[in-house]
Amino acid sequence: MSEEEVPGHLQGLNPEQHDAVTTLEGALLVLAGAGSGKTRVLTRRIAHLLHTGVDPERILAVTFTNKAAQEMKERVQELVGEPGKKVWVSTFHSTCGRILRKDIEPLGWSTRFSIYDDDDQARIIRQILKDLGYDPKEVPPKSILSRIDGHKNRGETLADLRRLHRVSPGDALLRVWGLYDEALRAADALDFNDLIGHTLRLFREHPEVAEQWSERFAYVLVDEYQDTNSVQYQLLRILTQTHGNLAVVGDDDQSIYGFRGADPDIIRRFKADHPQHKMIAMEQNYRSSANILTVANFVVEQNSVRERKTLRTAAAPGPVVRLLVEETPFEEAEKVADLVERLHRRKDLAYGKMAIIYRTNATSRLFEAALARRQVPHRVVGGRKFYERREVRDMLAYLRLIVNPADDAAFLRVVNVPSRGIGTKTVSELREAAATRGEPLLASAKGTALGETVRDKAMRGFVGLIEEATSLASELEPVALLAHLLEATGYREMVEEENEASRKESLEALAQDAQGAERIGDTHGPLDRLQRWLDQTALAGQDEEIPDGGQVALMTVHNAKGLEYPVVFVVQMVEDQFPHAKSKESKASIEEERRLAYVAFTRAMERLYITRARRKALGFGERFGKGKGKRATEEPALASRFIHVLPPEACKGDVPQVVTEDPAKTRLESLRGFLRGRAEVEAQPSSLESLDPLEVHTLRELESLEQLQEGVRVVHPAHGVGTIQRVDIEGTLPRICLSFGGERARWVPVAQSRLKVVVE
DNA sequence: CTCTCAATGGTTTTT
DNA sequence: CCATTGAGAG
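Residue numbers (the working numbering): 200 to 959.
Here is the structure:
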């Protein structure tokens, strides 16, 4: 075949990529390491499906973030043009939302259902706790909420909880969860997890509906499959039951959504689940220079649970990875900002080619400020913030109440915003009335506030407002309706009086966003467009472009997944921040944190900087209370365990060698840092050959390594069985002195050997 | 009963 | 910096 005859979408692929793009039928597992061309394979694959004549509407591509969905959509359209628009490319949540907007009725919801975000959820939970007489200090609504979410993410029901779990009978969760679900049902609302969970239930309880959808989607593709949770997994099984064409792409080393129930075992189990599967491993990295990969691989190899693989690269070593340490977080930010500026000036590097990546959102402020002081253009990616602004949520709540009059969370949110004389007392009486009448709050308000008291009049005023807007909703486009509401509710006036520029700006931005609603295709009338726009606001976040022009990007590791930048700064690489303090309890969550570090490092293409400070940043209270100063406490910050003893050949700068506060433990910890991923430890092996590299257990490991310090037998790949004479971890290269039978003892560098340790 | 202001408590990641 | 709660005035 001559060059011209190969279609464009198949050009420039390596053999594995080509295979992954063209294997269309059946179950396909693509294990795609970081930077191995994953997105490329997915988009080309869609193009190839269309090329072979598959109807675009019969292709479903699921991603985990909106950013990824948006990007994939764009790239598919670049490849194939117009037909690309008809392919379903969306997140799990949006996909389920779309399915339910059509077919939810058998479950007892209307197709006008509302989608509750965590704020609405918390509002409902708080009310329930109040009704039940719990003290919010003893039973924090947020914790109940996160537990409910946690269970839903794992596909567990309240009934399961009662039956199987060791929850104390007095646990508030048992009472609250049921009431919470009832409240949502009554409000014709679903929370994020319900979108997925109810779709699954719909498919289970109404197989005919499941059949229609699985018949429709002839080809299903899933990106970031390692982040699938069990509910999503079951849903996929049903969606592919008719055609069985399921292609999943993922990398267990990049599983970073454990808190959402993501279970990397699902990807590890794919082979067992699909006996007829085909597997393709893409381990060739095209993104990063060799030194960056050396460091990233070193870090992730220390995880005990993972598929064995190592990314290869043909790239040059490139600059070494730089580790920088400053005294305070403030100075760290200054340093990074200086470097950004210098790279821009001296190396003529566009600001858009640099990114600052951190573990938690709160970190951004420090770095934003440092960049702003130097007038370096920058942008914080992760625009969730916009829809979280109070004024934006308020106006959206008004709109939701119009689409779904049963939406009690929306009602509660805006009934007295701006204040119109409807206080807590009135509201709680209304809630009681509504409960006895079995009605939503809005309907109940209409039915009960009939008198001439001040209260009743105020309530009637609010109801009238909503009714008027509701009647307009079928004629006015979302923007116009929003404008009407801003005036009619007095919200505009309230904001004017406050004279807060930023609040006015967010309302402007919201109007701008509403304008976009008119472009939503395939809709019937303004109300339908309003509905679809509200879905977008709930599920998608603002139209966020990834800054590529001239702005330095700042974002969390989670937001950075899937992106790449020539220069990356991974900042605040200290214990309690990265890994985060809240993730330190279990080995599994530490391993997830380590994967996060891996994801962060592998974003870098040419230069990677890893920075930290010797002291901790101030906490909330201290930060806002006192003056600006140095913005640090006296508390020492320890270097992250993830950057300990990084391979010296690939790094330069301050590579920490010490792990713990306790000097007595330091030697052991430090040694363990080296040995993780480099030595395999097994307790009491039946024979030397039977040593299974995956059999490493926390406690045993600790015990073993303690013993390792003297006289332990070790299997060295080159020299056979030896005995440890001495251990030297003081220098930059830790060494073990081994004696092999009659031979003279020799020093072996731990970092360069794959040792198996025999514990007797 | 409602409104305003001051005090309080909260520090992970996202759909 | 946020959202929520409590005290006291209107």
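Every residue gets a Cβ at the ideal spot worked out from N, C-alpha and C, and that includes glycine.
Q.
I need the boundaries of the alpha helix (DSSP H) containing Glu-308, first residue and last residue.
A. Start at 1 with the first residue of the first sequence, and residue 308 comes out as number 109. The question names Glu, but residue 308 is Trp in the sequence shown. Boundaries for Trp-308: no alpha helix (DSSP H) harbours it, and the DSSP string shows neither H nor E there.
Q.
Within 10 Å of its beta-carbon, does Ser-673 have 16 or more other beta-carbons around it, so buried, or fewer, so exposed?
A. Indexing the first sequence from 1 puts residue 673 at position 474. Note on Ser-673: under 16 other CB atoms within 10 angstroms of its CB, so exposed under the neighbour-count rule.
Q. Helix or strand or just coil, what does DSSP make of Asp-775?
A. As a first step, residue 775 is located in the first sequence; it is residue number 576 there, counting from the start. Strand, per DSSP.
Q: Return yes when the Cβ of Ala-657 is within less than 7 Å of the Cβ of Gly-715, no when it is not.
A: For the purposes of this step, residue 715 is identified with residue 516 of the first sequence, where counting begins at 1. For the purposes of this step, residue 657 is identified with residue 458 of the first sequence, where counting begins at 1. For Gly-715 and Ala-657, no; Cβs fall outside 7 Å.
(Q) Let's test the definition: count the other Cβ atoms within 10 Å of the Cβ of Glu-404 and tell me whether it reaches 16, buried, or not, exposed. (A) Along the first sequence, one-based indexing puts residue 404 at 205. When all chains shown are included, Glu-404 counts as exposed.
Q. What separation, rounded to the nearest whole angstrom, lies between the Cα atoms of Thr-310 and Gly-207?
A. Counting from one through the first sequence, the residue named residue 310 turns up at place 111. Counting from one through the first sequence, the residue named residue 207 turns up at place 8. About 42 Å.
Q | When Thr-722, Glu-676, Gly-689 are compared against Gln-711, the one with the closest alpha-carbon | A | Taking the first residue of the first sequence as 1, we reach residue 711 at position 512. Per the C-alpha coordinates, the member of Thr-722, Glu-676, Gly-689 positioned closest to Gln-711 is Glu-676.
Q: May I have the straight-line CA-CA distance separating Gly-173 from Ala-246, to the nearest angstrom?
A: Residue numbering for the chain in the displayed model covers 200 to 959; residue 173 lies beyond these limits and cannot be assessed.
Q. In chain order, which continuous runs of the beta strand (DSSP E) of length 3 or greater are located wholly inside the region 426-488?
A. You should have 445-449, 477-481.
Q) Should Glu-699 be labelled buried (16 or more other beta-carbon atoms within 10 Å of its own) or exposed? A) Here residue 699 refers to the residue found at position 500 when the first sequence is read from its first residue. Exposed.
Q.
By the DSSP assignment, the beta strand (DSSP E) with Ile-665 in it spans what residues?
A. For the purposes of this step, residue 665 is taken as the residue at position 466 of the first sequence. First-last for Ile-665: 653-671, but that is the alpha helix (DSSP H), not the beta strand (DSSP E).
(Q) Rounded to the nearest angstrom, what separates Arg-636 and Ser-643 at their Cα positions? (A) In the first sequence, residue 636 corresponds to position 437, counting from 1. In the first sequence, residue 643 corresponds to position 444, counting from 1. Roughly 7 Å separates the two Cα atoms.
Q: Sort out for me which residues DSSP pairs Ala-260 with in a bridge.
A: As a working mapping, residue 260 is identified with position 61 in the first sequence. Residue pairing by DSSP places Ala-260 opposite Val-288, Leu-420 in a beta bridge.
(Q) Among Leu-629, Ala-219, Tyr-597, whose alpha-carbon lies nearest the alpha-carbon of Pro-617? (A) Your numbering for residue 617 matches position 418 in the first sequence. Looking at the Cα atoms, Tyr-597 is the closest of the given residues.
**Q.** Exposed unless 16 or more other CB atoms sit within 10 angstroms - verdict on Asn-213
**A.** Numbered from its first residue, the first sequence carries residue 213 at position 14. By the neighbour-count definition (other C-beta atoms within 10 Å, threshold 16), Asn-213 is an exposed residue.
Q | Which of helix, strand or coil DSSP assigns to Gln-924 | A | Counting from 1 along the first sequence, the entry for residue 924 is found at position 725. Correct three-state label for Gln-924: strand.
(Q) Judging by CA-CA distance, which residue of Ile-437, Gly-749, Lys-470, Leu-706 is the nearest neighbour of Val-575? (A) For the purposes of this step, residue 575 is taken as residue 376 along the first sequence, with counting starting at 1. Residue Gly-749 is the option with its Cα nearest to Val-575.
Q. Should Thr-736 go down as buried or exposed, given a rule of 16 or more other Cβ atoms within 10 Å for buried?
A. Taking the first sequence and counting its residues from 1, one reaches residue 736 at position 537. Flag for Thr-736 reads buried.
Q: Kindly indicate which residue of Gly-252, Ala-569, Ala-752, Gly-234 has the alpha-carbon position closest to the one of Leu-510.
A: The residue you call residue 510 lines up with position 311 of the first sequence. Nearest C-alpha to Leu-510: Gly-234.
Q. What span of residues does the alpha helix (DSSP H) with Thr-238 cover, start to end?
A. Counting from one through the first sequence, the residue named residue 238 turns up at place 39. Counted as a single uninterrupted DSSP element, the alpha helix (DSSP H) harbouring Thr-238 occupies residues 237-250.
Q: Could you tell me which uninterrupted alpha helix (DSSP H) segments, each at least 4 residues in length, are contained entirely in the region 553-640, listed from first to last along the chain?
A: Entirely contained in the region 553-640, the alpha helix (DSSP H) runs reaching 4 residues are, in chain order, 563-572, 583-587, 589-602, 607-613, 623-636.
Q: With a threshold of 16 other CB atoms inside 10 Å of the CB of Pro-604, please say whether the residue is buried or exposed.
A: Here residue 604 refers to the residue found at position 405 when the first sequence is read from its first residue. It is buried - the Cβ of Pro-604 has at least 16 other Cβ atoms within 10 Å.
Q: Indicate whether Ala-226 and Ile-479 have their beta-carbon atoms separated by less than 7 Å.
A: On the first sequence, residue 226 is found 27 positions in, with the first residue counted as 1. On the first sequence, residue 479 is found 280 positions in, with the first residue counted as 1. The answer is no: Cβ separation not under 7 Å.
Q.
In chain order, what are the residue ranges of uninterrupted beta strand (DSSP E) at least 3 long that sit wholly in the region 308-393?
A. For the beta strand (DSSP E) assignment, the uninterrupted runs of no fewer than 3 residues enclosed by the region 308-393 are, from N- to C-terminal side, 313-315, 388-390.
Q: Could you work out which residue in Leu-401, Asp-348, Asp-330, Glu-423 is closest to Val-261 when comparing CA atoms only?
A: Position 62 of the first sequence, counted from the first residue, corresponds to residue 261. For Val-261, the nearest C-alpha among the options comes from Glu-423.
Q. With C-beta atoms as the reference, is Gly-761 less than 7 Å away from Ala-267?
A. Indexing the first sequence from 1 puts residue 761 at position 562. Indexing the first sequence from 1 puts residue 267 at position 68. Contact flag set, yes.
Q: Name the two residues that bound the continuous alpha helix (DSSP H) containing Thr-221.
A: By one-based count along the first sequence, residue 221 stands at place 22. Note, Thr-221: alpha helix (DSSP H), 214-221.
Q | Any 3 or more C-beta pairs closer than 8 Å across the region 412-426 and the region 351-358 | A | No contact exists between the region 412-426 and the region 351-358.
(Q) If you follow the beta strand (DSSP E) that Lys-851 is in, where does it begin and where does it stop? (A) Indexing the first sequence from 1 puts residue 851 at position 652. Segment 850-852, the beta strand (DSSP E) holding Lys-851.
(Q) According to DSSP, Ser-938 sits in a beta bridge with which residue or residues? (A) Counting from one through the first sequence, the residue named residue 938 turns up at place 739. Its beta-bridge partners are Thr-922.
(Q) I'd like the list of long-range same chain contacts for Val-519, defined as Cβ closer than 7 Å, with 5 residues on each side in sequence excluded. (A) Against the first sequence, residue 519 aligns to sequence position 320. Annotation for Val-519: Asn-490, Ala-849, Cys-850, Lys-851 place their beta carbon closer than 7 Å to its own, counting only its chain and skipping 5 residues before and after.
Q. From Ser-788, Ala-371, Asn-758, pick the residue whose C-alpha is nearest to that of Thr-264; which is it?
A. For this step, residue 264 is matched to residue 65 along the first sequence. Of Ser-788, Ala-371, Asn-758, the residue nearest in Cα terms is Asn-758.
Q: Give the straight-line distance between the Cα atoms of Arg-467 and Glu-410, rounded to the nearest whole angstrom.
A: In the first sequence, counting from the first residue as 1, residue 467 sits at position 268. In the first sequence, counting from the first residue as 1, residue 410 sits at position 211. If you take the alpha carbons of Arg-467 and Glu-410, they lie about 27 Å apart.
Q: Give me the Cα-Cα distance between Leu-344 and Asp-380, rounded to the nearest whole angstrom.
A: By one-based count along the first sequence, residue 344 stands at place 145. By one-based count along the first sequence, residue 380 stands at place 181. When only Cα atoms are considered, Leu-344 and Asp-380 end up about 12 Å apart.
Q. How close, in whole Å, do the beta carbons of Ser-839 and Glu-774 come, if the pair is a contact with beta carbons under 8 Å?
A. Position 640 of the first sequence, counted from the first residue, corresponds to residue 839. Position 575 of the first sequence, counted from the first residue, corresponds to residue 774. Yes, Ser-839 and Glu-774 are in contact; Cβ-Cβ is about 6 Å, under 8 Å.
Q. Helix or strand or just coil, what does DSSP make of Pro-719?
A. Here residue 719 refers to the residue found at position 520 of the first sequence. For clarity, residue 719 is Ile in the given sequence; the question names Pro instead. In the structure shown, Ile-719 falls within a coil segment according to DSSP collapsed to helix, strand and coil.
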